[in-house]
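Structure first, commentary second.
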Amino acid sequence: MTKTLLTMLCWFRLLLPAVSLLLALHWVSAQADECSERCDLYHGHCDQDRMCRCDPGWDGEFCEDCVRMPGCAHGSCHQPWQCMCHNGWAGKFCDKDLHLCNHSDPCQNQGECLIDHDGEFSCICPEPFYGRTCELKRGPCEKAGFPCLNGGSCHDRSGFANTFTCRCLAGYTGELCQMDVDDCLMRPCANGATCHDGINRFSCECPSGFQGRFCTINIDDCAGQPCQNNGRCYDRVGDYECYCPEGFMGKSCEIPIPKPTWDEELRASTKDSETAHERSRVTRPPLVRTLDTGRKSQGTISVKEVVMQVERSLTTLQLVLVIVFGTITGIAIFSTITVVLVYRNRSARQTAHHGYGLSAAKTQYQECQGSSPDHRKTTEL
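Residue numbers for the sequence shown, in mature numbering (1 follows the signal peptide of the UniProt record, and there is no 0): -32 to -1, 1 to 349.
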């Protein structure tokens, strides 16, 4: 019994794949028959998976429905991309209601509604209304001929207002937008620039040395490094100033200063001395007494300024000569003072010695007078 069961089990394992294959073939055959029988082969075909694939313009499980024109609202089709309107609808997309005037009258303000064969409606408006749906009224704007100027728009509440108003574009003002707004009124340009008014704008004509919309940017005149020979540049308004190193001069330190020779320095020092002498001979201005301090001042040049002018006029050679002559003069003065002091000391000693001798002689004389007898007294005795 057991052996028989094992034998049957083995046969079942061997026959199972074959049975499965037969069932699959039967199902595929059934599907193929269904696709071939039900798929509209005029508007589609059966693919290798036995599925009905539709041609462009057809739709549905078996390609039995045509595709309507895109946007078709109330219509159908017999061929692809058609839009055949249903009853009561018209237009290319069947979106025009032929009974619009009956269903919902679009005309306002007692306008009369009309429908043409294409489904388009129109309104016959009573006076003074107009527009597609008689929504507008001929009001003050239209009666005045839309008087707003320079692109301004006229508003009268769709004609229902008693008067009109103008809404002006930027840059204009006035009842009819007839005046240009002066954009330079607030003086937007800085640093003395000239303002030019425009339509809703202005422009600044900058003076030399400034730039920018408002002329607030000072142009860096030192940006181009105009100073030569290592000169130091300082930016000014519309200009620059160079601080030249020793030995150079000029606007841009481009001129070298030649070094003077000994003869030139001597002639220059002599000329400066003569000039100073001539200046000393010039008549001095009258003294002016100030009210607050009571001090006297001569002219408008202070002592400090004069000293500075003299110091500036001294050259190196003159400075050396002044020092040498000053030293010699100081030595001479010191020697003179020394000689005078020595002479005074010697004279003082001689005077003191002579006075002592006179004093001694006077004392001796007085002693002699005291020891001698009186001649008158001797005679009387």
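Note that the Cβ used here is the ideal one computed from N, Cα and C, for glycine as well.
For clarity, every value in this text was computed on a predicted model and none was experimentally measured.
Residue from the options whose Cα sits closest to the Cα of residue i
i: N80; options: G294, E103, K60, G59; result: Reading the sequence as shown, one finds Glu at residue 80 and not Asn. Of G294, E103, K60, G59, the residue nearest in Cα terms is E103.
i: N168; options: T295, M147, R314, V292; result: M147
i: W57; options: I291, Q47, H71; result: H71
i: R155; options: T141, Y140, C172, K60; result: C172
i: G25; options: F132, G59, H46; result: H46
i: Y140; options: A129, F132, G120; result: G120
i: H67; options: S90, W49, P48; result: S90
Short Cβ contact (8 Å threshold) for residue i with residue j
i: G127; j: E143; result: no
i: D124; j: G113; result: no
i: C53; j: H42; result: yes
i: residue 363; j: C62; result: Missing from the structure shown is residue 363; the chain here goes from -32 to 349 and no further.
i: C145; j: N186; result: no
i: C122; j: C157; result: no
i: G99; j: D65; result: no
i: F178; j: D151; result: no
i: P228; j: F216; result: no
i: P94; j: K105; result: no
Expected contact under 8 Å - CB spacing of residue i and residue j to nearest Å
i: R6; j: H13; result: About 13 Å; that fails the 8 Å criterion.
i: Q196; j: E222; result: 5 Å
i: S220; j: P194; result: 5 Å
C-alpha gap between residue i and residue j, whole angstroms
i: Q76; j: T162; result: 58 Å
i: G28; j: D8; result: 10 Å
i: I92; j: P115; result: 28 Å
i: C174; j: L137; result: 29 Å
i: N198; j: C210; result: 10 Å
i: L82; j: P38; result: 28 Å
i: V307; j: R314; result: 11 Å
i: D23; j: H11; result: 5 Å
i: R18; j: P74; result: 55 Å
i: Y208; j: I296; result: 49 Å
i: R135; j: V149; result: 14 Å
i: P(-16); j: R36; result: 49 Å
i: L309; j: Q286; result: 34 Å
i: R252; j: R312; result: Its pLDDT being 47, under 50, R252 is placed unreliably by the model, and the measurement read from it follows with that caveat. Taking the straight line from one Cα to the other gives about 42 Å.
i: A300; j: T238; result: 25 Å
i: L153; j: T131; result: 32 Å
i: N159; j: G218; result: 29 Å
i: G294; j: V288; result: 10 Å
i: R48; j: T133; result: Per the sequence shown, residue 48 should be read as Pro rather than Arg. Straight-line Cα distance between these residues: approximately 56 Å.
i: G59; j: H164; result: 59 Å
i: G166; j: A129; result: 34 Å
i: R235; j: F302; result: 32 Å
i: R317; j: T284; result: 50 Å
i: residue 350; j: S44; result: Shown here, the chain extends from -32 to 349; a query on residue 350 therefore has no answer.
i: D84; j: E2; result: 50 Å
i: T(-29); j: F30; result: 53 Å
i: I291; j: T304; result: 20 Å
i: T101; j: C40; result: 26 Å
i: E32; j: N55; result: 24 Å
i: Q78; j: R181; result: 59 Å
i: T(-26); j: S4; result: 44 Å
i: P226; j: C212; result: 15 Å
Check: residue i C-beta below 7 Å from any heavy atom of the ligand GDP
i: T295; result: Ligands in the displayed structure: none, and consequently the ligand GDP is not present.
Margin query: Any contact between the region 202 to 210 and the region 177 to 192? By contact I mean 3 or more CB pairs, one from each, below 8 Å.
Written below: yes
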